[in-house]
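**Q** Sharing a structure here in structure tokens format.
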Amino acid sequence: MFQSIRDTLPQSRILRGLLAVIVVSLLLAPFIFDGSRALDTAARLCIFIVLVASYDLLLGYTGVVSFAHTLFFGIGAYSVAIAFDHVAPGFGVLLVAVVVALGVSTVVAVTIGLVSLRVKAIFYAMITLAVASVATVLVSQLYLYTGGEDGMTYRIPRVLTPAFKLLDDKVLGVRINGKLLNYYLIFTVSTVLFLLMVRIVASPFGKVLKALRENDFRAEAIGYTTVYYRTAATVISACMATLAGVLMAIWLRYTGPDSVLSLNIMIDILLMVVIGGMGSLYGAIIGATLLVLARNYLNEAMGVAHNAFIDVPILAELFNPERWLLWLGVLFVVMVYFFPLGIVGRLVRGRADHG
Amino acid sequence: MVNSSRTPVLQTEALTIRFGGHVAVDRVSAAFEAGSLTAIVGPNGAGKTTYFNLISGQLPPSSGTVYLNERDISRWPVAKRARHGLGRAFQLTQLFPNLTVEENLGLVVQARHGLGHRIWTLASRQQAVRTEVESLLDTIGLTERADDFARALSHGAQRRLEVGMMLAMDPQVMMFDEPTAGMSVDEAPVLLELIHRIKNEQDRTILLVEHKLDVIRTLADRILVLHNGRLLADGEPESVMQLDVVRQAYLGELSDEEVA
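Here the protein sequences come in this chain order: A and B.
Numbers 1 to 355, taken from the UniProt record's numbering, label the letters of the first sequence in order.
Numbers 1 to 260, taken from the UniProt record's numbering, label the letters of the second sequence in order.
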């Protein structure tokens with residue numbers, strides 16, 4: 001496990017520093033950031049790093065363009081939500097829900113993967129988009145089970161809620177309760193899943209995935225049955241996304257189309273992969289961090305700027321917090337223009353091992 | 001074991017492919033033995049590369065059969081043929097451009113050893129694969145470029161890597177499709193020398209599409225002449241080149257070049 005990190009970590013000092021800062025911040029998040037909002041952001045970030053890395057496995061490594069990634073994210077989240085809501089919030093139930101979710105995702109992924117045998121990339125992308133839309137419609141129609149557009153709120157095992165207290169006293173000003181446990185559960189599982197993926201891309205199997213991206217004609221000609229590898233990559237990627245969905249459902253205690261299934265999330269994932277750098281799992285960390293922070297705090301940062309420029313006529317309006325989406329857009333355009341290979345791609349350009 | 005049995009390693013029987021009304025390869029029957037080097041010649045559009053595509057499986061035949069070690073492989077997919085010993089170096093270089101030279105070769109070596117499905121070993125720590133890749137790098141003279149991306153290589157070096165990737169398959173049948181095309185005057189002889197060495201030292205079945213007649217004369221044991229998809233002549237180089245039909249169909253076109 002640690003060898004694979006040593007072998008695959010990007011050489012760039014800046015990048016290593018950046019990654020270290022992000023990881024340490026996430027590790028100590030409950031102790032160094034105040035408030036439940038910061039913790040919520042940190043937990044979402046952990047989950048999105050897994051989600052984005054799993055998508056990069058498909059897009060950046062294997063060269064498969066799929067829009068069905070939120071579908072698998074949703075399968076994970078809804079399995080847990082339905083199990084907790086309709087059965088009971090417990091770890092046994094959770095385990096069953098996870099197994100069922102992984103099973104469903106595998107079947108769907110194999111089916112989608114085998115379709116790639118028959119169609120060209122652009123049609124494959126269209127098919128995945130259609131499948132994802134069907135899933136959204138299904139969720140909204142089957143509201144008896146899924147809560148429809150409103151989604152569902154449910155209870156989670158008590159050990160993971162603020163009501164559960166481990167210690168009566170605060171440690172370093174932090175309550176040692178179920179919420180903290182919950183965060184560290186998310187953090188630990190995310191870390192393990194991420195490292196698993198790092199290990200996978202550094203394996204001979206991972207090399208074959210890159211070969212498919214680069215030249216599947218030649219990959220076939222040297223003896224790799226490409227359909228088999230493409231399907232395997234789709235399944236692994238789907239299962240990782242499913243587990244990310246499970247984490248999301250546990251953390252939010254709410255699951256709805258907007259939190260796990262919507263096209264907006266799919267677009268966010270795409271942006272995070274592209275901004276971070278395709279074909280580098282570490283790029284997922286950078287991309288996800290940048291976007292999650294922007295989504296959560298750009299609004300506030302602009303509020304500060306707005307107040308600072310309150311007397312300057314045009315600038316004040318430009319920094320009006322209500323215009324934060326405009327600035328997010330500008331940020332994307334600038335990023336894509338100046339970092340066409342993504343941030344990681346830019347920092348390791350010209351070097352051999354970006355994976 | 002030098003051809004103790006005369007069983008052909010590779011054989012095509014009335015191999016045919018039609019594209020609409022156009023018959024690109026027309027009932028070509030030929031057998032190739034171990035330890036032989038056969039040059040396949042013919043004017044542009046004669047069907048040489050298409051014939052290769054039928055053998056290595058990129059195209060399915062309209063009719064006819066391909067045998068590898070007496071097994072009918074006509075319906076086998078490309079990857080399976082590759083795993084059973086059909087190696088091919090392509091006319092238009094087919095590399096993994098954004099992977100390093102070492103990774104390009106490593107992928108082929110691990111394919112041959114059937115390691116591609118391993119998900120829990122580290123590719124960088126597979127000593128056997130690395131050793132083999134190092135020796136291949138030495139053979140094609142790219143040791144110093146091992147860590148460069150394939151796309152960063154010069155045309156000649158890419159051609160050498162292309163051939164190196166086929167050698168890495170260690171195949172029973174080696175198919176070279178104009179290996180020296182576009183190479184500089186210095187580079188071409190090095191590669192031909194390499195093919196010559198393989199021919200002499202190893203018991204391979206080599207098929208070579210080549211235009212340069214001097215190359216064919218020195219390397220080939222036998223020549224197949226294709227013209228409009230048909231097999232026009234098949235035999236030893238000197239006698240085939242004397243045939244009138246061949247001179248008209250093929251050498252006639254090249255005589256100027258030959259003089260020059």
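Even for Gly, the Cβ is constructed at its ideal location relative to N, Cα and C.
What whole-angstrom Cβ distance do Ala135 of chain A and Leu71 of chain A have, given they're in contact under 8 Å?
**A** Along the first sequence, read from residue 1 onward, the residue named residue 135 of chain A stands at position 135. Along the first sequence, read from residue 1 onward, the residue named residue 71 of chain A stands at position 71. Indeed, because the Cβ distance is near 5 Å, the residues count as touching under 8 Å.
**Q** Asp353 of chain A by DSSP, collapsed to three states: which one?
**A** Your numbering for residue 353 of chain A matches position 353 in the first sequence. Summary for Asp353 of chain A: the model assigns pLDDT 40, below 50, so the residue's position carries little reliability; its value from the coordinates is reported in the next sentence. Correct three-state label for Asp353 of chain A: coil.
**Q** Measure the C-alpha to C-alpha separation of Tyr51 of chain B and Thr111 of chain A and round it to an integer number of angstroms.
**A** Position 51 of the second sequence, counted from the first residue, corresponds to residue 51 of chain B. Position 111 of the first sequence, counted from the first residue, corresponds to residue 111 of chain A. Using only the alpha carbons, I get a separation of about 35 Å.
**Q** With 8 Å set as the bound, which would you pick, yes or no: does the beta-carbon of Pro89 of chain A sit closer than that to a beta-carbon of chain B?
**A** The residue labelled residue 89 of chain A in the question sits at position 89 within the first sequence. Not one chain B Cβ lies under 8 Å of Pro89 of chain A.
**Q** Whose Cβ in chain A lies nearer than 9 Å to the Cβ of Phe96 of chain B?
**A** For the purposes of this step, residue 96 of chain B is taken as the residue at position 96 of the second sequence. Within 9 Å Cβ-Cβ: Lys210, Ala211, Arg213, Glu214, Asn215, Arg218 and Ala219.
**Q** Could you list which residues in chain B have their beta carbon closer than 9 Å to that of Asp40 of chain A, in chain order?
**A** In the first sequence, counting from the first residue as 1, residue 40 of chain A sits at position 40. Against chain B, a Cβ distance below 9 Å from Asp40 of chain A picks out nothing, because the smallest value is about 34 Å.
**Q** Are the C-beta of Ala352 of chain A and some C-beta of chain B separated by less than 8 Å?
**A** Here residue 352 of chain A refers to the residue found at position 352 of the first sequence. Note that Ala352 of chain A scores a pLDDT of 41, beneath 50, so its modelled location is shaky and nothing firm can be said.
**Q** Quick check for students: name the residue ranges of the alpha helix (DSSP H) that lie wholly in the region 292-338 of chain A, counting only runs of 4 or more.
**A** The region 292-338 of chain A contains these whole alpha helix (DSSP H) runs: 313-318 and 324-338.
**Q** Helix, strand or coil for Met126 of chain A? Go by DSSP, reduced to three states.
**A** Within the first sequence, residue 126 of chain A is the residue found at index 126, counting from 1. Residue state, collapsed to three classes: helix.
**Q** With a threshold of 8 Å, are at least 3 pairs of Cβ atoms found where one atom belongs to the region 222-240 of chain A and the other to the region 103-112 of chain B?
**A** As far as the Cβ criterion goes, the region 222-240 of chain A touches the region 103-112 of chain B, which means the pair count is three or higher.
**Q** For Glu238 of chain B, which three-state DSSP category applies?
**A** Here residue 238 of chain B corresponds to residue number 238 of the second sequence, with the count starting at 1. Three-state DSSP puts Glu238 of chain B in a helix.
**Q** Whose Cβ in chain A lies nearer than 7 Å to the Cβ of Glu236 of chain B?
**A** As a position in the second sequence, residue 236 of chain B is number 236, starting the count at 1. Within chain A, no residue has its CB atom less than 7 Å from the CB of Glu236 of chain B, the nearest being about 31 Å off.
**Q** Thinking C-alpha only, which one of B:Pro60, B:Thr16 and B:Ser74 is nearest Gly229 of chain B?
**A** To locate residue 229 of chain B, count along the second sequence from 1; it is residue 229. It is B:Thr16.
**Q** Against chain B, does Gly287 of chain A count as a neighbour if the rule is that its beta carbon must be under 8 Å from one of theirs?
**A** Translated into the one-based positions of the first sequence, residue 287 of chain A becomes position 287. By this cut-off, Gly287 of chain A is not an interface position.
**Q** Return the chain-ordered list of same chain residues with a C-beta closer than 7 Å to the C-beta of Arg6 of chain A, the five sequence neighbours on each side being excluded.
**A** Position 6 of the first sequence, counting from 1, holds the residue named residue 6 of chain A. Correct list: empty, nothing qualifies.
**Q** Would you call Gly116 of chain B buried or exposed, if buried means 16 or more other Cβ atoms sit within 10 Å of its Cβ?
**A** As a position in the second sequence, residue 116 of chain B is number 116, starting the count at 1. When all chains shown are included, Gly116 of chain B counts as buried.
**Q** In chain A, which residues lie less than 9 Å from Ser63 of chain B when you measure between Cβ atoms?
**A** Along the second sequence, one-based indexing puts residue 63 of chain B at 63. Near Ser63 of chain B there are no residues of chain A at all, since even the closest Cβ is about 24 Å away, more than 9 Å.
**Q** Pick out whichever of B:Glu102, B:Thr93, B:Ala89 and B:His113 has its Cα sitting closest to the Cα of Arg83 of chain B.
**A** Taking the second sequence and counting its residues from 1, one reaches residue 83 of chain B at position 83. If you compare the alpha carbons of B:Glu102, B:Thr93, B:Ala89 and B:His113 with that of Arg83 of chain B, the shortest gap goes to B:His113.
**Q** Expressed to the nearest angstrom, what Euclidean distance is found between the alpha-carbon atoms of Val133 of chain B and Gln94 of chain B?
**A** Start at 1 with the first residue of the second sequence, and residue 133 of chain B comes out as number 133. Start at 1 with the first residue of the second sequence, and residue 94 of chain B comes out as number 94. If I take the Cα positions, the gap works out to 18 Å.
**Q** Got a sec: which bits of the region 106-127 of chain B sit with their beta carbon under 8 Å from any beta carbon on chain D, in order along the chain?
**A** Absent from the structure: chain D. Protein chains present are A and B.
**Q** Determine the contact status of Gly60 of chain A and Met278 of chain A, defining contact as a CB-CB distance below 8 Å.
**A** For the purposes of this step, residue 60 of chain A is identified with residue 60 of the first sequence, where counting begins at 1. For the purposes of this step, residue 278 of chain A is identified with residue 278 of the first sequence, where counting begins at 1. Result yes, Cβ atoms of Gly60 of chain A and Met278 of chain A sit closer than 8 Å.
**Q** Give me whichever residues DSSP pairs with His227 of chain B in a beta bridge.
**A** Within the second sequence, numbered from 1, the residue matching residue 227 of chain B stands at position 227. DSSP output for His227 of chain B lists B:Arg230 as bridge partner(s).
**Q** From Ser280 of chain A to Asn44 of chain B, what does the alpha carbon distance come to, in whole angstroms?
**A** The residue labelled residue 280 of chain A in the question sits at position 280 within the first sequence. The residue labelled residue 44 of chain B in the question sits at position 44 within the second sequence. Spanning the two alpha carbons is a distance of roughly 44 Å.
**Q** If we count the other Cβ atoms within 10 Å of its Cβ and call it buried at 16 or more, is Ser154 of chain B buried or exposed?
**A** Taking the second sequence and counting its residues from 1, one reaches residue 154 of chain B at position 154. Exposed, since its Cβ has fewer than 16 Cβ neighbours within 10 Å.
**Q** Any idea if Lys179 of chain A is buried or exposed, counting beta-carbon neighbours within 10 angstroms, 16 or more meaning buried?
**A** Your numbering for residue 179 of chain A matches position 179 in the first sequence. Flag for Lys179 of chain A reads buried.
**Q** Identify whether His69 of chain A lies in helix, strand or coil by the three-state DSSP scheme.
**A** Numbered from 1 along the first sequence, position 69 holds the residue referred to as residue 69 of chain A. Here His69 of chain A carries a helix assignment [DSSP, helix/strand/coil].
**Q** Residues of the region 160-175 of chain B in Cβ contact with chain A at a cutoff of 9 Å, in chain order, please.
**A** Met165, Met166, Ala168 and Met169
**Q** Taking the CB atoms as reference points, tell me whether Ala249 of chain A and Ala77 of chain A lie closer together than 8 Å.
**A** For the purposes of this step, residue 249 of chain A is taken as residue 249 along the first sequence, with counting starting at 1. For the purposes of this step, residue 77 of chain A is taken as residue 77 along the first sequence, with counting starting at 1. In this structure, Ala77 of chain A lies closer than 8 Å to Ala249 of chain A by Cβ.
**Q** Nearest to Ser62 of chain B by alpha carbon, out of B:Gly47, B:Val25, B:Trp76 and B:Pro77?
**A** Within the second sequence, numbered from 1, the residue matching residue 62 of chain B stands at position 62. Checking every option, the nearest Cα to that of Ser62 of chain B belongs to B:Val25.
**Q** Answer with buried or exposed for Trp120 of chain B, where buried requires no fewer than 16 other C-beta atoms within 10 angstroms of its C-beta.
**A** Your numbering for residue 120 of chain B matches position 120 in the second sequence. Burial call: exposed.
**Q** Give the residues of chain B in contact with Gly178 of chain A, contact being defined as C-beta atoms less than 8 Å apart.
**A** Here residue 178 of chain A refers to the residue found at position 178 when the first sequence is read from its first residue. Result: empty, since nearest Cβ-Cβ is about 35 Å, beyond 8 Å.
**Q** With 8 Å as the threshold, decide whether the Cβ of Pro77 of chain B is near any Cβ in chain A.
**A** On the second sequence, residue 77 of chain B is found 77 positions in, with the first residue counted as 1. Answer yes: the Cβ-Cβ gap between Pro77 of chain B and chain A drops below 8 Å somewhere.
**Q** Decide if His22 of chain B is buried, meaning its Cβ has at least 16 other Cβ atoms within 10 Å, or exposed.
**A** The residue labelled residue 22 of chain B in the question sits at position 22 within the second sequence. With fewer than 16 other Cβ atoms within 10 Å, it is exposed.
**Q** Counting pairs of Cβ atoms below 8 Å between the region 255-268 of chain A and the region 21-29 of chain A, do you hit three or more?
**A** no
**Q** Given a cut-off of 8 Å on the beta-carbon distance, is the pair Leu58 of chain A and Ser237 of chain A in contact?
**A** In the first sequence, residue 58 of chain A corresponds to position 58, counting from 1. In the first sequence, residue 237 of chain A corresponds to position 237, counting from 1. In contact: Leu58 of chain A and Ser237 of chain A (Cβ atoms closer than 8 Å).
**Q** Cβ closer than 9 Å: which chain A residues qualify as neighbours of Ala82 of chain B?
**A** Taking the second sequence and counting its residues from 1, one reaches residue 82 of chain B at position 82. Going along chain A in sequence order, the residues near Ala82 of chain B (Cβ under 9 Å) are Glu220, Ala221, Ile222, Gly223 and Tyr224.
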